[in-house]
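The numbering of the sequence shown is full-length UniProt numbering, which starts it at 1 and goes up by one.
Virtual Cβ for every residue (Gly too), placed ideally from N, Cα, C.
Here is the structure we will look at.
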Amino acid sequence: MNKYIEAYNSKKVSIEEALSVIRPDDEVITSIGPLEPMEIMSRLHTIRDKVNKIKIWNGLNMGVYDFCSKSEMRDNYELRSWFYSAPTRKAQGVGIASYEPGNLHNIFIRKLQEKSPNIFIGTVAPMDKHGYFRFSLSVVYEKECFEAADIVILEVNPNLPQVHGDTEIHISDVDYIVEIDRPLPELPKTKISEVNKKIGENVASLVNDGDTIQLGIGQIPDAVAMSFMSKKDLGIHTEMISNSIVDLVEAGVITGKKKNINKGKIVGTFALGSKRLYDFMDNNPSIRLMRGSYVNDPYVIAQNDNMVSINTALEVDLTGQVCSESIGSLHFSGTGGQNDFSEGAIHSKNGRSIIALHSTAKKGTISTIRPCLSQGAVVTLSRNNIDYIVTEYGIANLKAKTVKERVDSLISIAHPNFREELEKEAIGLSLK
Numbered sequence: 001m002n003k004y005i006e007a008y009n010s011k012k013v014s015i016e017e018a019l020s021v022i023r024p025d026d027e028v029i030t031s032i033g034p035l036e037p038m039e040i041m042s043r044l045h046t047i048r049d050k051v052n053k054i055k056i057w058n059g060l061n062m063g064v065y066d067f068c069s070k071s072e073m074r075d076n077y078e079l080r081s082w083f084y085s086a087p088t089r090k091a092q093g094v095g096i097a098s099y100e101p102g103n104l105h106n107i108f109i110r111k112l113q114e115k116s117p118n119i120f121i122g123t124v125a126p127m128d129k130h131g132y133f134r135f136s137l138s139v140v141y142e143k144e145c146f147e148a149a150d151i152v153i154l155e156v157n158p159n160l161p162q163v164h165g166d167t168e169i170h171i172s173d174v175d176y177i178v179e180i181d182r183p184l185p186e187l188p189k190t191k192i193s194e195v196n197k198k199i200g201e202n203v204a205s206l207v208n209d210g211d212t213i214q215l216g217i218g219q220i221p222d223a224v225a226m227s228f229m230s231k232k233d234l235g236i237h238t239e240m241i242s243n244s245i246v247d248l249v250e251a252g253v254i255t256g257k258k259k260n261i262n263k264g265k266i267v268g269t270f271a272l273g274s275k276r277l278y279d280f281m282d283n284n285p286s287i288r289l290m291r292g293s294y295v296n297d298p299y300v301i302a303q304n305d306n307m308v309s310i311n312t313a314l315e316v317d318l319t320g321q322v323c324s325e326s327i328g329s330l331h332f333s334g335t336g337g338q339n340d341f342s343e344g345a346i347h348s349k350n351g352r353s354i355i356a357l358h359s360t361a362k363k364g365t366i367s368t369i370r371p372c373l374s375q376g377a378v379v380t381l382s383r384n385n386i387d388y389i390v391t392e393y394g395i396a397n398l399k400a401k402t403v404k405e406r407v408d409s410l411i412s413i414a415h416p417n418f419r420e421e422l423e424k425e426a427i428g429l430s431l432k
């Protein structure tokens, strides 16, 4: 038996033993989304009687857990999230979760400058013969956080792929190991609607052969990707690696030949999709998962010429301000890396920053292009960082345009049912 296996066996514990390490006032950081330590988190409520308002810090929750979904847990747990999902919104509804604003490339570094976590809990692929585990589907902030934590607890899941990049953690840096065997979180492949297809086609008209692409999460980015099938030699430098990237690689669309940095590599900071995606990533030398502090750094992003940032939004005002994370004052998702990539793209040589969205919401009853953002809505992107707004009705070019020109252009891509009203309100607000 080699020394790494001996060390591994000496650190194996049960979930209950791992939980016993947590002290009454600890601050705990967990890995995100696809690497969420779901077995441990599903039993956090069992130590309720021994904790006193411990802080659990994470993002993109995948599971609904008793410790943060039941109002009676409010005095014992506080969930601090940098990006909301449906379970986090539920936790906010019972008074346990709160959003922590920031840009992905530095939110975790800034966090650690204020206070290091007592405990890091993550999920990794099995150890190799050299004593290394891998954070196979996310290094958004996992590396910085385990390096800063006093105690490191890992769930080891044999279903995780082995993914290349800055993903390793050595057995010598681990305090406790919990072996689990559960299916990986998956996002189902979505059917592309006619509206999304049209939006995708409009966005694709702004993308050239050889461009480097960042795609956000959701049905619109998936539709955009499917509209790239006739493109050549696209590169990928993105926050999230998704299902559609596999389709584009297999179609020969993605080669990365024209990238200035990480040439020929698909670069991301986390991945979430189907088993097909995870199988594609397994020991694939063309994939590089790198820290969010690198991938999302606007200065790194801008090093690729022809960088195109493509994201979605909830609403846009007539001057180009974008809200992507709240419905009025009610928090819905998060800034994530949207501002990082928008900033990086506009500083890239021939780069473009694009926001794509449906022209209406709530079954066509409201316009997503509004005279002003809704009361309390968060300004995710400044109007200074957007080149194009795209809906199913066309493309509004905001680059080097006056407010009046922006107003006219944005009204032209609004749903026809709302254009006359938007025109009147724009005049009333002295926007034109």
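Should residue i go down as buried or exposed, given a rule of 16 or more other Cβ atoms within 10 Å for buried?
i           : result
residue 172 : exposed
residue 430 : exposed
residue 358 : buried
residue 105 : buried
residue 230 : exposed
residue 336 : buried
residue 250 : exposed
residue 199 : buried
residue 291 : buried
residue 96  : buried
residue 119 : buried
residue 400 : exposed
residue 433 : The structure shown has nothing for residue 433, since the chain only spans 1 to 432.
Compute the Euclidean distance between the alpha carbons of residue i and residue j, then round it to the nearest angstrom.
i           : j           : result
residue 244 : residue 428 : 44 Å
residue 54  : residue 145 : 17 Å
residue 338 : residue 49  : 40 Å
residue 285 : residue 330 : 42 Å
residue 334 : residue 264 : 30 Å
residue 193 : residue 77  : 41 Å
residue 12  : residue 164 : 25 Å
residue 128 : residue 326 : 43 Å
residue 444 : residue 183 : Here the chain has residues from 1 to 432 only, and residue 444 is not among them.
residue 26  : residue 216 : 34 Å
residue 349 : residue 378 : 29 Å
residue 392 : residue 196 : 7 Å
residue 115 : residue 24  : 17 Å
residue 110 : residue 102 : 9 Å
residue 224 : residue 266 : 18 Å
residue 280 : residue 259 : 21 Å
residue 161 : residue 34  : 12 Å
residue 470 : residue 178 : Outside the shown range of the chain (1 to 432) lies residue 470, about which nothing can therefore be said.
residue 374 : residue 365 : 15 Å
With a threshold of 6 Å on Cβ separation, who are the neighbours of residue i within its own chain once the five nearest residues in sequence on each side are excluded?
i           : result
residue 322 : 313, 316, 355, 380, 381
residue 142 : 31, 122, 135
residue 383 : 319, 320, 321
residue 361 : 368
residue 131 : 4, 170, 171
residue 57  : 29, 80
residue 309 : 214, 341, 342, 345, 353
Within the continuous beta strand (DSSP E) that includes residue i, where are the two ends?
i           : result
residue 312 : 307-312
residue 302 : Note, residue 302: premise wrong, no beta strand (DSSP E); not H, not E.
residue 99  : 97-99
residue 287 : 287-289
Can you give me the start and stop residues for the alpha helix (DSSP H) that residue i sits inside?
i           : result
residue 147 : 142-148
residue 421 : 416-428
residue 214 : Here residue 214 belongs to no alpha helix (DSSP H); instead the beta strand (DSSP E) covers 212-215.
residue 36  : Element bounds for residue 36: n/a, residue is neither H nor E.
residue 200 : 194-204
residue 293 : 292-295
residue 219 : 219-226
residue 23  : Residue 23 -> no alpha helix (DSSP H), and no H or E assigned at all.
Across which residues does DSSP place residue i in a beta bridge pair?
i           : result
residue 154 : 122, 177
residue 168 : 134
residue 57  : 29, 80
residue 397 : 388
residue 341 : According to DSSP, which records beta bridges pairwise, residue 341 is partnered with nothing at all.
residue 316 : 322, 369
residue 360 : 367
residue 12  : 177
residue 271 : 241
residue 182 : Bridge partners of residue 182: none, in fact.
residue 327 : 330
residue 235 : 212
For residue i, which residues from the same chain have a beta carbon less than 7 Å from its beta carbon, with the 5 sequence-adjacent residues on both sides left out?
i           : result
residue 425 : 371
residue 176 : 11, 13, 18, 21, 153
residue 64  : 87, 90
residue 189 : 243, 274
residue 67  : 44, 45, 73, 77
residue 83  : 59, 60, 333, 334, 336
For residue i, collect the residues of the same chain with a Cβ closer than 8 Å to its Cβ; drop the 5 residues on either side in sequence, then sort them by chain order.
i           : result
residue 276 : 243, 246
residue 181 : 157, 158, 159
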